[in-house]
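Worksheet for the structure shown next.
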Amino acid sequence: MLERFHVPEDVAVHVSPQDMHKTVTDIFLKMGMPADDADKGAEVLVYADVRGIETHGVSNMLRRYVESFGEGGINPSPNPKIVREMPAAAMLDCDGGHGLVVGPMAMEMAIERAKVYGIGTVTANNGRHFGAAAYHAAMAIEHGMIGVSMTTGGMQVVPVDGAKPMFGLNPIAIAVPTNNEAPFVFDASMSSVAGNKIALAQRLGVDVAPGWITGADGVPIMEESPVPDEYFMLPTGGTREGGSHKGASLGVWVEIMCALLGSSGAGPNRRGGAAHHFIAYNIEAFADLQEFKNEMDVYMSEIKNTPPVPGKDRVVYAGLPEYEEEIERRENGIPYHPEVIDWFRGITSELGIPWRLTKD
Numbered sequence: 058m059l060e061r062f063h064v065p066e067d068v069a070v071h072v073s074p075q076d077m078h079k080t081v082t083d084i085f086l087k088m089g090m091p092a093d094d095a096d097k098g099a100e101v102l103v104y105a106d107v108r109g110i111e112t113h114g115v116s117n118m119l120r121r122y123v124e125s126f127g128e129g130g131i132n133p134s135p136n137p138k139i140v141r142e143m144p145a146a147a148m149l150d151c152d153g154g155h156g157l158v159v160g161p162m163a164m165e166m167a168i169e170r171a172k173v174y175g176i177g178t179v180t181a182n183n184g185r186h187f188g189a190a191a192y193h194a195a196m197a198i199e200h201g202m203i204g205v206s207m208t209t210g211g212m213q214v215v216p217v218d219g220a221k222p223m224f225g226l227n228p229i230a231i232a233v234p235t236n237n238e239a240p241f242v243f244d245a246s247m248s249s250v251a252g253n254k255i256a257l258a259q260r261l262g263v264d265v266a267p268g269w270i271t272g273a274d275g276v277p278i279m280e281e282s283p284v285p286d287e288y289f290m291l292p293t294g295g296t297r298e299g300g301s302h303k304g305a306s307l308g309v310w311v312e313i314m315c316a317l318l319g320s321s322g323a324g325p326n327r328r329g330g331a332a333h334h335f336i337a338y339n340i341e342a343f344a345d346l347q348e349f350k351n352e353m354d355v356y357m358s359e360i361k362n363t364p365p366v367p368g369k370d371r372v373v374y375a376g377l378p379e380y381e382e383e384i385e386r387r388e389n390g391i392p393y394h395p396e397v398i399d400w401f402r403g404i405t406s407e408l409g410i411p412w413r414l415t416k417d
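Printed below as a string of structure tokens:
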């Protein structure tokens, strides 16, 4: 998490992951989700918070989910169905179910196929927001596999030099196992910054950085500025000079792999909710697993031990800061902004859920 988005320590309210998990589970139960689904949904949300991915944890997402349940936007008790399949691949209709639940189900399907065929892949349509993409990709790690997940995010990103959004935020996650080093876990939207970071900037009252967003006319905003009333997201890279054609092309690729492959249109022609794509690679189909993980340890160690440039303390790789953050937060609690705690006070009172997040 970028420093500008950290909750100031002097106002942060620390909550144990266990207490937050139980509270979120209770909220999902009140939304009509079955017990196992409510527990899984809470696990995915708290995973994000524990690893410092606040944009996809309870702070930003839970209230949106509650609103969506209330509006009928999420099916609390879906019946996902395989509508097409071959031995190593499947197409899943999510039946409008919560992505926090159906996403792990689809990834598990990919993993089971990879156990037999070396690779497994599942595309899912008619879905809903699935939280942090890293959670789903990282499921493969404990099976000695490489995991990939991606999803169609909100239609907010303009193409290079474009004045109208043509693809979504469209995060991609890749997770690779190691032996002793922190696993490599990459998770990033194909926009210049995760869309939820803009909402977080508004909540914390901080400016957005140059090259993150455009004005209502699609022209990139290239100075620090408050979030305007109307804006679009820029692709990863920000501008053409910064390599935004790379982020834009990957964003289009996610539309193709999730939405078009899922028979649900793409870009402005999308239909039927979110679409997802999951892949599991069984490392044993390609190399000796232990040798591979040992080599990963060597490579990750070399990266983090790269001499830093002047003014910087160290070099990190994807997944290392989150791994360290998880150790810290499991020991000392997850820091939440008081506004988030106030929201929890209101919703738990409204739903008749016991208060357990702070000692009053």
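Take the position in the sequence shown, starting the count at 1, then add 57; the result is the number in the working numbering. We put the beta carbon where it would ideally sit given N, CA and C, even for glycine. The structure displayed is predicted, hence computed values, not measured ones.
- By the C-beta density criterion, Met279 is exposed, having fewer than 16 other C-beta atoms within 10 angstroms.
- Between Thr112 and Leu307, the C-beta spacing is not below 8 Å.
- Between the alpha carbons of Phe224 and Lys416 lies a gap of roughly 45 Å.
- Annotated three-state conformation of Glu66 is coil, per DSSP.
- Cβ contact annotation for Gly156 (same chain, cutoff 8 Å, sequence separation greater than five): Gly184, Arg185, His186, Phe187, Gly188, Thr208, Ala331 and His333, in chain order.
- Taking all protein chains in view, the Cβ of Glu128 is surrounded by fewer than 16 other Cβ atoms within 10 Å, so the residue is classified as exposed.
- With respect to the 8 Å criterion, Val242 and Ala105 are not classified as neighbours on the basis of their beta carbons.
- A Cβ-Cβ separation of about 7 Å places Met77 in contact with Leu414 under the 8 Å criterion.
- With the rule of 3 Cβ pairs closer than 8 Å, the stretch 160–179 does not count as touching the stretch 214–223.
- If you compare the alpha carbons of Trp269, Gly175, Tyr122 and Glu124 with that of Ile336, the shortest gap goes to Gly175.
- Straight across, the Cα-Cα distance linking Pro277 with Leu86 is about 43 Å.
- Distances from the CA of Ala194 to each of Thr235, Val205 and His200 were compared; the closest alpha carbon is that of Val205.
- For Thr180, the enclosing beta strand (DSSP E) starts and ends at Ile176 to Gly184.
- Distance check between Gly130 and each of Met196, Asp96, Lys350 and Gly329 places Gly329 closest, using alpha-carbon atoms only.
- Sixteen is the threshold: when 16 or more other Cβ atoms of the shown chains lie within 10 Å of the Cβ of Asp94, as they do, the residue is buried.
- Between the beta-carbon of Asn227 and that of Val311 there is about 4 Å, and that keeps the pair under the 8 Å contact cut.
- Shown here, Asn227 sits in coil according to DSSP, grouped into three states, outside any helix or strand.
- Beta-bridge pairing by DSSP links Pro137 to no other residue.
- Residues Met148 and Asp150 of the same chain have their beta carbon placed closer than 6 Å to that of Val140, with the five preceding and five following residues left out of the count.
- Of Gly262, Val309 and Arg108, the smallest CA-CA separation from Ser248 is found for Val309.
- Secondary structure of Ile255 (DSSP, three-state): helix.
- DSSP, read as helix, strand or coil, puts Ser282 in strand.
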